[in-house]
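K.L.:
Please read through the structure below; I'll follow up with questions.
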Amino acid sequence: MTTNNSGTLDIFSTDKKEKTMNNSEILFIYDAKMTNPNGDFDNENKPRMDYDTERNLVSDVRLKRYLRDYFETNLGEEIFVTEKAKDAKDRKEQLKKINKNYTDLLDVRMFGAVFAAEGGNDHLTGPIQFNWGYSLNKVQLCESSSITSSFSSGEGIGHDYRVKYSLIAFNGSINGSAANETKLSDGDIKIFDEAMLKAIPANRTRSKINQFPRLYMRIEMKDNQTFMKDLREYVKFIPLIDEYKIETLENYELNISELVEYINKFNDKIEKIVCWKDDKIKITGWEKLPKTAELNILQ
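Here it is, written out as structure tokens:
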């Protein structure tokens, strides 16, 4: 197996023939240092936490927002969920003016949308979905510092909450059957794969800077009937120092040996595995990913 380089995607392909849209299972891990991955507006905009387990939480809506912003700002794509529109009815009128349908928009083909219809709103279920992300490590919040912000109505005093270090894992999927409804294409999925690596670092706002992808894996099946369990269940986080003192990826390692064993059980069902990892992260078992398939590297 060829050594992986940061900034590349490795594709282990078992079949290159023309195919219809298949199911995919997704594992995505990124880290956040001295930042606020997902503020809770109902709780002083503190990073979302499960205080029982001391895990940092990030909603699927936040992850999709990173991706949508990247499509619109960095790729110049017209998207549905945009600040240009106040609501579904407003967006419908805007699309009419530029002569576009809902499925002409990349984020609708991926994530679906709620749109204006006769008698109210209707929705299109997106084939690409995530559940909530959570940190693999126990996370400490930095003590809040008071900040002063200037607004048109005057100055305001707020609080600035951040996590010391959080390694956040998402599980997701692509539903091949739903993809036919939104007209998701293979080209769209290639854009999605690259956006998963680029969208979060591209968000350079004050509260979101210093977040970077560390591992991405998309397991594509040979059909739209095969499903896998939550891939995070097979990833072990191993701290190398006191877990509460972790500040960098040199302070821990990941073991994906169980994940590789689980993947191998689906060998005859897998079309290809698209995967990438950062050079600096320590991952035991990475070299054991299936070697029976041809290896291609996308720059």
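Per my numbering: the sequence shown = residues 83 to 381.
Glycine residues also receive a C-beta, built at the ideal position from the N, C-alpha and C atoms.
Consider the C-beta atom of PRO283 and the heavy atoms of the ligand FMN; say whether any pair is separated by less than 7 Å.
P.N.:
Ligands displayed in this structure: none; no statement on the ligand FMN is therefore possible.
K.L.:
What does SER289 pair with, by DSSP beta-bridge criteria?
P.N.:
Answer by DSSP bridge pairing: none, since SER289 is not bridged.
K.L.:
In this structure, how does DSSP classify TRP214 when only helix, strand and coil are distinguished?
P.N.:
Coil, per DSSP.
K.L.:
What residue range is occupied by the uninterrupted beta strand (DSSP E) comprising ASP113?
P.N.:
Run containing ASP113: 106-117, per the beta strand (DSSP E) assignment.
K.L.:
State whether the segment 216-227 contacts the segment 302-312, with contact taken as three or more CB pairs (one from each stretch) at a distance under 8 Å.
P.N.:
No: fewer than three Cβ pairs fall under 8 Å.
K.L.:
Decide if ASN245 is buried, meaning its Cβ has at least 16 other Cβ atoms within 10 Å, or exposed.
P.N.:
The amino acid occupying residue 245 in the given sequence is Val; Asn does not appear at that position. Classification for VAL245: buried.
K.L.:
Do you know offhand how far PRO372's Cα is from GLN211's?
P.N.:
Their backbone Cα atoms lie some 26 Å apart in a straight line.
K.L.:
Does the beta-carbon distance from ASP360 to ARG296 come in below 8 Å?
P.N.:
Yes, Cβ-Cβ distance for ASP360 and ARG296 is below 8 Å.
K.L.:
Below 8 Å on the Cβ atoms is my guess for PHE294 versus LEU249; work out the distance and round it to an integer in Å.
P.N.:
That belief does not hold up - the Cβ atoms of PHE294 and LEU249 are roughly 11 Å apart, past 8 Å.
K.L.:
With H, G and I counted as helix, E and B as strand and the rest as coil, what does DSSP make of VAL356?
P.N.:
Strand, per DSSP.
K.L.:
According to the neighbour-count rule (16 or more other Cβ atoms, all chains shown, within 10 Å of its Cβ), is MET116 buried or exposed?
P.N.:
Classification for MET116: exposed.
K.L.:
Excluding the 5 residues flanking ASN257 on each side, which residues of the same chain have their C-beta closer than 6 Å to its C-beta?
P.N.:
Taken in chain order, the residues that qualify are PRO209.
K.L.:
Rounded C-beta distance between ASN285 and ASP151? I'm assuming under 8 Å.
P.N.:
Contact holds; Cβ gap of about 6 Å.
K.L.:
Tell me which same chain residues have a C-beta within less than 8 Å of the C-beta of ILE291, skipping the five on either side of it?
P.N.:
For ILE291, where only same-chain residues beyond five positions count, the Cβ hits under 8 Å are THR117 and ASN285.
K.L.:
Let me know the secondary structure DSSP gives VAL143 once reduced to three states.
P.N.:
In this structure, VAL143 counts as helix in the three-state DSSP scheme.
K.L.:
By Cβ distance below 8 Å, which residues in the same chain neighbour LYS182 in space, the five residues on each side in sequence not counted?
P.N.:
For LYS182, where only same-chain residues beyond five positions count, the Cβ hits under 8 Å are GLU160.
K.L.:
My assumption, with CB atoms under 8 Å, is that ASP279 sits in contact with TRP358. Please give the rounded CB distance.
P.N.:
Looking at the sequence provided, one finds Leu at residue 279 rather than Asp. Right, the Cβ-Cβ distance comes to about 6 Å (below 8 Å), so this counts as a contact.
K.L.:
Tell me, please, whether the segment 132-146 touches the segment 340-355 by the rule of three or more beta-carbon pairs shorter than 8 Å.
P.N.:
As far as the Cβ criterion goes, the segment 132-146 does not touch the segment 340-355, which means the pair count is below three.
K.L.:
Just to confirm before moving on: does the CB-CB distance between LEU206 and ASP270 stay below 8 Å?
P.N.:
No.
K.L.:
For GLU343, name the three-state secondary structure that DSSP assigns.
P.N.:
Of the three classes helix, strand and coil, the one that applies to GLU343 here is helix, per DSSP.
K.L.:
What whole-angstrom Cβ distance do LEU218 and ALA251 have, given they're in contact under 8 Å?
P.N.:
Right, the Cβ-Cβ distance comes to about 5 Å (below 8 Å), so this counts as a contact.
K.L.:
By Cβ distance, which residues of its chain are closer than 6 Å to ILE111, with the 5 residues on each side in sequence left out?
P.N.:
Here the set comprises ALA251, ARG296 and LEU297.
K.L.:
Relative to the C-alpha of LEU331, which candidate in ILE365, MET303, VAL342 and ILE352 has its C-alpha closest?
P.N.:
Looking at the Cα atoms, ILE365 is the closest of the given residues.
K.L.:
If you draw a straight line from the C-alpha of GLN176 to the C-alpha of ARG300, how long is it?
P.N.:
Rounded to the nearest angstrom, the two C-alpha atoms are 34 Å apart.
K.L.:
Going by Cα to Cα distance, which pick from ARG314, ASN120, ILE323 and ARG191 is closest to MET103?
P.N.:
Considering only alpha carbons, the answer is ARG191.
K.L.:
Output the distance between the C-alpha atoms of VAL342 and LYS370, rounded to the nearest integer angstrom.
P.N.:
The straight-line gap from Cα to Cα measures roughly 7 Å.
K.L.:
Measuring straight from C-alpha to C-alpha, what distance separates THR287 and ASP204?
P.N.:
The straight-line gap from Cα to Cα measures roughly 33 Å.
K.L.:
With DSSP run on the structure shown, which of helix, strand or coil describes PHE193?
P.N.:
Three-state result, PHE193: helix.
K.L.:
Rank GLU315, PRO321, ASP350 and LYS351 by C-alpha distance to the C-alpha of SER339 and give the top, closest one.
P.N.:
Minimum Cα distance to SER339 is reached at GLU315.
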